[in-house]
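Written below as structure tokens is the structure these notes are about.
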Amino acid sequence: MMHAVLQYIVWSPNPAVFSGFDRLRWYSLFFALGFIISQQIMMYIFRKEGHDERLVDRLTIYMVVATILGARLGHVLFYEPEKYLSNPIDILKVWEGGLASHGAAIAILIALWLYAKKTPGQSYLWVVDRIVIVVALTGALIRFGNLMNSEIGGKATGTDSGFVFARETEEILETMKLPLEDVSAYKPVERESELTGSGIVPLNFDLKISKGSFEEPELREAIERDVKYALTRFRSSQKYLSEDVSSPLNYDLLDKGDHYLVIVKTFGITKYPTQIYESLSYLLIFILLLLGWMKYKERIPEGLYLGLFLVSVFGMRFIWEFLKENQVDFEEDLTFNMGQALSIPLVLGGIALIIYALKKGSPQQREL
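First residue of the sequence shown? That's 1 in the numbering used here, and the numbers climb one at a time after it.
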């Protein structure tokens, strides 16, 4: 049975890069890395194709502004218009989350049109065809940042394989009125006999509680009341855990001398790690586009790479959305969720661009 307990992963990384310093988060780091690495790749592309590398700095500014504004406004308009339009100041609170890649894609296409207008010697489609190479890489890094944030995850797998996202519950437990020193979630090997193949899997939380504030009877009462509440009454707990509301809390209270150790025995729900699926998809698209450019750069028909990008990235997005949880409640009643609905016109536009580019041919082909 040991192999069975290895089938699922309890995922609860701290979203902050450094413990105790919440300002630098993994998501922000990967977001920034995407632009930093992309800038270096674009300088290489410009140099190889005989363009002024200094133009990449201007191009980067257009890209950063378009990505942030487009992603934010995309989320506001596509997913939660009533919430934000009733209180527009909240639109500026980007740090609270809420970015949409479809909005970013539209804004980037507009920003690159403005850039090309002010840049002689670079056509719009030439610029976009090069930019999409690095946009795929940035998308891969951003999705990995989502994984580190334990957000935009998948639906329940229905099997004992998958990720149990425990970070949000850890954060809820940390807010309890108990003298907590530490909270950690993990997969209990000793409970492997409780695996049933249903996707409801054993999950433990260790709570380290300092002594002095509670006598043991009082502590037990607080644990049975507050921890039970945290594991059952919050939306995130109901989403990621399978704690029986009606049954008593299953826990052990151990006296460790200078502190108490509370071992809470509950169950988690295995989910698809769709952040990984998307990240790997976009990384593969980046590699294929880059290798194709390195081999055929002079012969790539203008618009072909943009078309391939739209079809591959948003085609994969459409597929992975079947495994992802809906982001907002109104999507529950839709045949296709918002991510899929927005992907369809982009894929169709990509197909049209591919046909156009292949008919028109590369500049070299047109000269023959």
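Ideal placement from N, C-alpha and C gives every residue a C-beta, glycine not left out.
Exposed or buried, residue i, counting other C-beta atoms within 10 Å across all chains shown (16 or more means buried)?
i	result
Thr335	exposed
Leu368	Note that Leu368 scores a pLDDT of 42, beneath 50, so its modelled location is shaky and nothing firm can be said.
Leu207	buried
Glu278	buried
Ile269	buried
Gly339	buried
Trp11	buried
Lys83	exposed
Val245	exposed
Does DSSP put residue i in a helix, a strand or coil?
i	result
Glu332	helix
Asp252	strand
Pro415	Residue 415 lies beyond the range of the chain shown here (1 to 368); nothing can be said about it.
Pro202	strand
Asp22	strand
Tyr356	helix
Gly128	According to the sequence displayed, residue 128 carries Val and not Gly. It is helical.
Ile152	coil
Tyr79	coil
Phe31	helix
Ser12	coil
Phe165	strand
Val17	strand
Leu85	helix
Ala267	The sequence shown places Phe at residue 267, rather than the Ala named in the question. Of the three classes helix, strand and coil, the one that applies to Phe267 here is strand, per DSSP.
Tyr371	Given that the chain is displayed from residue 1 to residue 368, the structure contains no residue 371 and the question cannot be resolved.
Ala100	coil
Tyr186	strand
Lys208	strand
Lys239	helix
Gln122	coil
CB residue i to CB residue j, shorter than 8 Å?
i	j	result
Pro301	Leu358	yes
Leu249	Ile209	no
Met63	Glu53	no
Leu137	Ser281	no
Phe205	Ser242	no
Asn146	Gln275	yes
Leu195	Val164	no
Per the contact definition of three or more C-beta pairs closer than 8 Å, is the region 291-307 in contact with the region 319-326?
The region 319-326 vs the region 291-307: no contact.
On the three-pair Cβ rule with 8 Å, is the region 63-74 touching the region 99-107?
Output reads yes: the region 99-107 touches the region 63-74.
Say whether the region 22-36 touches the region 186-202, bearing in mind that this needs 3 or more beta-carbon pairs closer than 8 Å, one atom from each stretch.
Touching, no.
Could you say if the region 121-141 and the region 301-314 meet the contact criterion of at least three C-beta pairs nearer than 8 Å?
When C-beta atoms of the region 121-141 are compared with those of the region 301-314, three or more pairs fall below 8 Å, so the two segments count as touching.
Could you pull out every unbroken alpha helix (DSSP H) segment of at least 4 residues lying fully inside the region 293-344, listed in chain order?
Whole alpha helix (DSSP H) segments, 4+ residues: 304-320.
With three or more C-beta pairs closer than 8 Å as the rule, is the region 253-272 touching the region 137-152?
No, the region 137-152 is not in contact with the region 253-272.
Is there contact here, the region 280-293 with the region 132-141, by at least three beta-carbon pairs under 8 Å?
A contact exists between the region 280-293 and the region 132-141.
Cβ contact (3+ pairs, closer than 8 Å) linking the region 307-314 and the region 196-204
With a cut-off of 8 Å, the region 196-204 and the region 307-314 do not count as touching, because too few Cβ pairs lie within range.
contact_flag[the region 163-178, the region 283-290] where n(CB pairs < 8 Å) is 3 or more:
No, the region 163-178 does not touch the region 283-290.
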